Amino acid sequence: AGPDEESYIGHNTEFFQGRDDRSYFTCRWFFRAADTVISPKLLKVHDHQHNDRRVFLSEEKNDNMIESIICKLNIIYVAPNEIPQAKDRLISNSDYYYDISYSVACSTFANMPAENDGAADSDTTSDISCEEGKPVADLVTYSLLDLYSGCGAMSTGLCLGAELAGIKLETKWAVDMNSYACESLKHNHPSTQVRNEKAEDFLSLLQQWNALCKKYVIHGSNSLGSDLAQASNDDENDENESLPKDVFEVERLVDICYGDPNKTGKNGLWLKVRWKKYDASQDTWEPIDGLRLAPFSLHLSLYFSSMVPHPFLHFSDSYECIKEFVQSEYRDSILPLPGSVDVICGGPPCQGVSGFNRFRKPDNPLMDEKNKQLVVFMDIVNYLRPKYVLMENVVDILKFADGFLGRYALSRLVAMNYQARLGMMVAGCYGLPQFRMRAFIWGALPSMVCVFSVLIFTL
Numbered sequence: 006a007g008p009d010e011e012s013y014i015g016h017n018t019e020f021f022q023g024r025d026d027r028s029y030f031t032c033r034w035f036f037r038a039a040d041t042v043i044s045p046k047l048l049k050v051h052d053h054q055h056n057d058r059r060v061f062l063s064e065e066k067n068d069n070m071i072e073s074i075i076c077k078l079n080i081i082y083v084a085p086n087e088i089p090q091a092k093d094r095l096i097s098n099s100d101y102y103y104d105i106s107y108s109v110a111c112s113t114f115a116n117m118p119a120e121n122d123g124a125a126d127s128d129t130t131s132d133i134s135c136e137e138g139k140p141v142a143d144l145v146t147y148s149l150l151d152l153y154s155g156c157g158a159m160s161t162g163l164c165l166g167a168e169l170a171g172i173k174l175e176t177k178w179a180v181d182m183n184s185y186a187c188e189s190l191k192h193n194h195p196s197t198q199v200r201n202e203k204a205e206d207f208l209s210l211l212q213q214w215n216a217l218c219k220k221y222v223i224h225g226s227n228s229l230g231s232d233l234a235q236a237s238n239d240d241e242n243d244e245n246e247s248l249p250k251d252v253f254e255v256e257r258l259v260d261i262c263y264g265d266p267n268k269t270g271k272n273g274l275w276l277k278v279r280w281k282k283y284d285a286s287q288d289t290w291e292p293i294d295g296l297r298l299a300p301f302s303l304h305l306s307l308y309f310s311s312m313v314p315h316p317f318l319h320f321s322d323s324y325e326c327i328k329e330f331v332q333s334e335y336r337d338s339i340l341p342l343p344g345s346v347d348v349i350c351g352g353p354p355c356q357g358v359s360g361f362n363r364f365r366k367p368d369n370p371l372m373d374e375k376n377k378q379l380v381v382f383m384d385i386v387n388y389l390r391p392k393y394v395l396m397e398n399v400v401d402i403l404k405f406a407d408g409f410l411g412r413y414a415l416s417r418l419v420a421m422n423y424q425a426r427l428g429m430m431v432a433g434c435y436g437l438p439q440f441r442m443r444a445f446i447w448g449a450l451p452s453m454v455c456v457f458s459v460l461i462f463t464l
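Every number in my numbering is 5 more than the matching position in the sequence shown, counting from 1.
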């Protein structure tokens with residue numbers, strides 16, 4: 006290595022004597038994260054980190070003079086599915102460790118092939134498998150979340166392709182900011198839970214929803230305490246009493262969101278309330294904190310925008326309403342929970358990298374608001390931990406600012422312990438009558454069999 010570079014790391018596979026009577030060795034090279042397509046620049050990004058002791062075994066080999074060997078290192082193989090405690094114990098007595106391979110030619114990080122030394126015991130399986138011969142109705146249905154969905158072309162294509170392969174894949178959730186695109190997707194896919202909101206608000210909603218499910222479903226908690234229980238009992242005693250004029254009573258909760266639906270200037274968790282004696286056109290968004298505290302004060306003076314100003318709102322049994330809503334929507338899977346998603350696909354906005362954008366930020370691409378959506382996309386992947394990830398974008402993501410954003414996406418997946426691949430696909434190679442190129446990033450958990458795309462047509 007050069008004077009300012011770290012020494013190269015390799016596995017000696019053969020020692021031999023050359024025709025010049027000098028001693029040589031054949032070396033199979035390991036790559037640090039900085040040596041791969043990820044590049045040293047990405048190691049300075051603070052929203053994720055790579056273990057300094059993690060290296061990647063490649064198929065790259067060459068012959069070197071034996072005098073170039075500096076020292077001996079202890080490098081061990083760690084199965085990618087190893088539990089953290091056992092993994093820490095294994096690597097504590099080694100200089101470096103490796104768990105996946107790296108292909109220089111294909112910019113690919115993947116599980117070690119079974120024939121490689123040390124990797125034969127790795128437990129790599131896939132519960133998403135081709136089940137040819139079974140009726141479609143008998144196939145297991147796998148769930149898909151479509152981020153930045155637009156009208157749903159990407160997820161629809163994935164589902165159709167999966168069906169051709171004998172896999173039943175269904176778009177269960179979709180998210181997009183454009184209301185017209187959401188309406189179109191919902192019209193074509195009535196069973197899909199389509200959310201018209203920002204991706205970052207969707208992530209916050211998922212985190213809040215997970216907390217609610219743990220509280221009201223998984224643990225069956227009544228943790229609001231004896232005061233709340235007493236207040237609820239008081240509500241039950243008052244159920245048959247007639248309410249005064251201009252007092253509105255909660256019938257049930259019909260929806261949930263994170264953001265600022267009432268334009269108050271403050272984001273938070275909101276629930277849509279259906280009022281007794283009123284139809285859906287009179288539903289209003291109310292902050293969940295107000296509903297949680299409501300049993301302590303049965304008549305709260307709030308602003309009810311769709312009716313008369315400043316009426317009294319009656320939140321009788323609001324705790325039970327929240328509990329019933331969460332339990333019901335949990336059963337219907339209106340929102341994904343960590344570990345419940347099989348596939349995430351999507352294409353974050355491309356305007357921040359497009360060559361037609363004169364105001365791109367080559368010195369700091371992530372400062373662009375559109376490019377920040379790539380960070381949000383990866384944050385959602387990190388939170389939900391799907392089995393497979395597929396991200397699409399224009400090819401400028403691999404060219405703009407030395408491919409910073411493409412490298413960033415790959416770096417995030419590898420840091421999250423995903424198998425990952427970065428590359429381009431040309432439409433004409435797959436039977437379409439056009440030469441359109443797109444950049445794709447594939448990801449798969451280490452427990453999954455990662456089968457990357459291959460050409461099925463030649464130009």
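Virtual Cβ for every residue (Gly too), placed ideally from N, Cα, C.
Quick caveat, the model's predicted, so the values are computed rather than measured.
Selection N272, N267, Q287 and G270 evaluated against V259 yields Q287 as nearest (Cα-Cα).
Going by DSSP, F207 is part of the alpha helix (DSSP H) stretching over A204 to C218. A contact between stretches requires three or more CB pairs, one per stretch, nearer than 8 Å, and the stretch 363–379 fails this requirement with the stretch 431–445. Secondary structure note for H194: it is in no beta strand (DSSP E), with a DSSP letter that is neither H nor E. In the DSSP annotation of this structure, the continuous segment of the beta strand (DSSP E) that includes Q22 starts and ends at I14 to Q22. Of V431, V180, V348 and L389, the smallest CA-CA separation from L149 is found for V348.
DSSP places V381 in the uninterrupted alpha helix (DSSP H) bounded by K377 to L389.
In terms of Cβ geometry, Y388 and L211 form a close pair [threshold 8 Å].
Take A414, set aside five residues on each side of it, and the residues of its chain with a beta-carbon closer than 7 Å to its own are L379, M383, M396 and I446, in chain order. With respect to the C-alpha of A444, the residue from L427, V419, E64 and C262 having the closest C-alpha is L427. A residue is called buried once 16 or more other Cβ atoms fall within 10 Å of its Cβ, and L165, having fewer, is exposed.
Within the same chain, L276 come within 6 Å of I261 by CB-CB distance, once the 5 residues on both sides are set aside. Scanning V454, A449, F440 and A420 for the CA closest to the CA of V50 turns up A420. With a cut-off of 8 Å on Cβ pairs, the stretch 15–35 is in contact with the stretch 62–81, counting three or more such pairs.
Annotated three-state conformation of Q439 is coil, per DSSP. A straight-line Cα-Cα distance of about 40 Å links L48 and Y185. In the structure shown, L78 adopts coil according to DSSP, grouped into three states. At a Cβ-Cβ threshold of 8 Å, V60 and F21 do not count as neighbours.
Here P292 carries a strand assignment [DSSP, helix/strand/coil]. Per DSSP, the continuous beta strand (DSSP E) segment holding E64 begins and ends at R59 to M70. Segment contact: the stretch 189–201 against the stretch 152–172, three or more CB-CB distances shorter than 8 Å; contact assigned. Taking the C-beta atoms as reference points, R417 is found nearer than 8 Å to H53. Check the Cα spacing between G295 and each of C76, Y324 and N67: the tightest is with Y324.
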